[in-house]
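Chemist: Here you go, one structure.
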Amino acid sequence: MAEFEPVLTARWGNPDAVTMDGYEKTGGYAALHKALGMTPDAVIDEVKASGLRGRGGAGFPTGTKWSFIPQNTGKPVYVTVNFDESEPGTFNNRELVERDPHQLVEGAIICAYAVRCHTVFIYTRGEFVWPGTVLERAVGEAYEKGYLGRRIVGSDFDLDIVVHRGAGAYICGEETALLESLEGRRGQPKLRPPFPAVEGLYRSPTVINNVETLSCVPHIIDRGAQWFASIGSEKSAGPGVFSISGKVERPGNHEAPMGTPARELLEMAGGVRDGKRLKAFTPGGSSTPFLVEEHLDTPMDFDSVQAAGSLLGTKAMIVLDERDCIVDAVLRFTQFYAHESCGKCTPCREGTWWAARVLERIERGHGRMEDIDLLQDTGRNMLFKAFCALADGAVSPIDSSIKFFRDEYEEHIRLGWCPFREDRELVRAASPRTGGTEGGTAQILPEGRELDLGEVLG
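In this note's numbering, each residue's number is its place in the sequence shown (first place is 1) plus 3.
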């Protein structure tokens, strides 16, 4: 990869960057001063020209989203920052806030100015106790310095920022559920239209952007749209912070231009752990379809990943190697979605629960060949049949794993045990299909210990 100058993570090596003084010393809030000298429409046009697309998963053009906000409706305009980062394998927003909170605050202020908003809500995940505290401290410093409050930095612009802590629900990362929660109701998605840009928080026009999206904004205003557009790929401009986890040598967040091939990102993370062979990876968290070794040269941008059969999502690569059981991995993902389903939509509420039960049956050695088709049929009854994308995300790893690893599912069923388990010999000895006793009764193993089938299988 060509030499790349970090943008969003440039201050991560500076421990003073979390403070107002440290941030200002590295050029912080210069973009805000510049933005306040522009008209709100000029700020929107600059963000449009940059090619910035939302980093929350959908990849919608940010400047276009801002331009959708109607003015002079008689209602206030709100900006809501989605910091409810809960997608498994995703942790870039958290570290952006922990290491450089003022970057987000400055971006949120510029966004609010552009859409003529006077109240910003930052909705933070309930489990983010420390990041939330860091953010609250940064907001307090911004008030003390005059970047928030009345007539900020001598302008005619007034703005307040409220940090709101959620209660720990994955579903509140979905924008309509987030707004419901912010208003004090149960976090459940709503049918659209109306869209939040027209009727969002308190039935008023609302912009919703995530942390990384708004963190890009100060750099666009400070260094120009043309500079930002020169980074990344043609249709996915700018830098991105990729969360890489699983079987890699150096898991963590790695910044690179959008469109960097998956192979290069994997190398940035030190490659597959212990020199093993890559088995599969998710390009955008557990709710995106698996890709495999043949897709390693896919540019990691919205359009290229979609053309490869998956979604960029939150740019979270979860890496599996040849030692990992695909059935077990998918089971764990599905159990998460079954637990986090808000229960509003029957296809999601029932489908995730049943899919988890069938996967568990296969993984524990009691599967039937028809269970594979049953899983796919369950997915068809869930896909695009719920108010939000949670059900669709739950189907993605199931369908893609069957597509690429159907033989592994069949092997589980044929053997009656998981061939990847470390205790495979104990499981095999206890399995009814390999001579074990049925009904959970004890059996004497070669090493002389008694093993209960119920103990081995769960």
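Ideal Cβ positions, reconstructed from N, Cα and C, are used throughout, including at glycine.
Since the model is a prediction, treat every value here as computed from it, not as a measurement.
By DSSP, does PHE124 sit in helix, in strand, or in coil?
Modeler: Here PHE124 sits in strand by DSSP.
Chemist: Suppose you measure from the CA of ASN85 to the CA of ASN212; what does that come to, to the nearest Å?
Modeler: The alpha-carbon atoms of ASN85 and ASN212 are separated by roughly 6 Å.
Chemist: Please list the terminal residues of the continuous beta strand (DSSP E) segment that includes MET320.
Modeler: Taken as a continuous stretch (DSSP letters only), the beta strand (DSSP E) holding MET320 covers 319-324.
Chemist: Excluding five sequence neighbours on each side, which residues of the same chain lie with their C-beta closer than 6 Å to the C-beta of ALA265?
Modeler: Closer than 6 Å at Cβ, skipping near neighbours: LEU299, THR301, MET303.
Chemist: Here's the rule I'm using: 16 or more other beta-carbon atoms within 10 Å means buried, otherwise exposed. How should GLN106 be labelled?
Modeler: Buried, by the Cβ-count rule.
Chemist: Taking the DSSP output, what are the residues bridged to HIS167?
Modeler: DSSP lists TYR126 as partners of HIS167.
Chemist: Using C-beta distances below 8 Å, list every residue in its chain close to VAL46, excluding the 5 sequence neighbours before and after it, in chain order.
Modeler: Excluding sequence neighbours, VAL46 sits near ALA38, ILE113, TYR116, ALA117, ILE224.
Chemist: For LEU185 and SER207, I'd like the C-alpha separation in whole angstroms.
Modeler: If I take the Cα positions, the gap works out to 13 Å.
Chemist: For VAL100 and GLU373, I'd like the C-alpha separation in whole angstroms.
Modeler: The straight-line gap from Cα to Cα measures roughly 47 Å.
Chemist: With ALA259 as the anchor, note down where its beta strand (DSSP E) starts and where it stops.
Modeler: Its beta strand (DSSP E) spans residues 255-260.
Chemist: Please give the ranges of any alpha helix (DSSP H) in the segment 147-212, keeping only runs that are unbroken, at least 4 residues long and fully inside the region.
Modeler: With a minimum length of 4 residues, the continuous alpha helix (DSSP H) runs that stay inside the segment 147-212 are 178-185.
Chemist: How about ILE401 and GLY370: are their beta carbons less than 8 Å apart?
Modeler: The answer is no: Cβ separation not under 8 Å.
Chemist: Where does VAL462 fall in DSSP's three states?
Modeler: Absent from the model: residue 462. The displayed extent of the chain is 4 to 461, so no value can be given.
Chemist: What residues in its chain sit with their C-beta under 8 Å from that of SER70, if we drop five residues either side in the sequence?
Modeler: Only ILE47, LYS51 meet the Cβ criterion.
Chemist: Just to confirm, are ALA259 and GLY54 a CB contact at a threshold of 8 Å?
Modeler: Result no, Cβ atoms of ALA259 and GLY54 do not sit closer than 8 Å.
Chemist: Excluding the five sequence neighbours on either side, which residues of its own chain have a C-beta within less than 6 Å of the C-beta of GLY438, listed in chain order?
Modeler: Note on GLY438: pLDDT 48, under 50, position unreliable in the model; the coordinate value appears next. Closer than 6 Å at Cβ, skipping near neighbours: no residue.
Chemist: Buried or exposed: ASN75, going by 16 or more other Cβ atoms within 10 Å of its Cβ?
Modeler: Exposed: under 16 other Cβ atoms inside 10 Å.
Chemist: What residue does the alpha helix (DSSP H) around PRO43 start on, and which one ends it?
Modeler: Run containing PRO43: 43-53, per the alpha helix (DSSP H) assignment.
Chemist: Would you decide whether LEU194 is buried or exposed? Buried here means 16 or more other CB atoms lie within 10 Å of its CB.
Modeler: Under this definition LEU194 is an exposed residue.
Chemist: Applying the criterion that 16 or more other CB atoms from any shown protein chain within 10 Å of the CB defines a buried residue, is GLU6 buried or exposed?
Modeler: Per the 10 Å Cβ criterion, exposed.
Chemist: Roughly how far, in whole angstroms, is the beta-carbon of ALA34 from the beta-carbon of PRO292, given that I think they are within contact range, below 8 Å?
Modeler: About 37 Å; that fails the 8 Å criterion.
Chemist: Round the Cβ separation of PHE102 and PHE131 to the nearest angstrom and send it over; I've been treating them as touching at under 8 Å.
Modeler: The sequence shown places Arg at residue 102, not Phe. Actually they are not in contact, since the Cβ atoms of ARG102 and PHE131 sit about 14 Å apart, beyond 8 Å.
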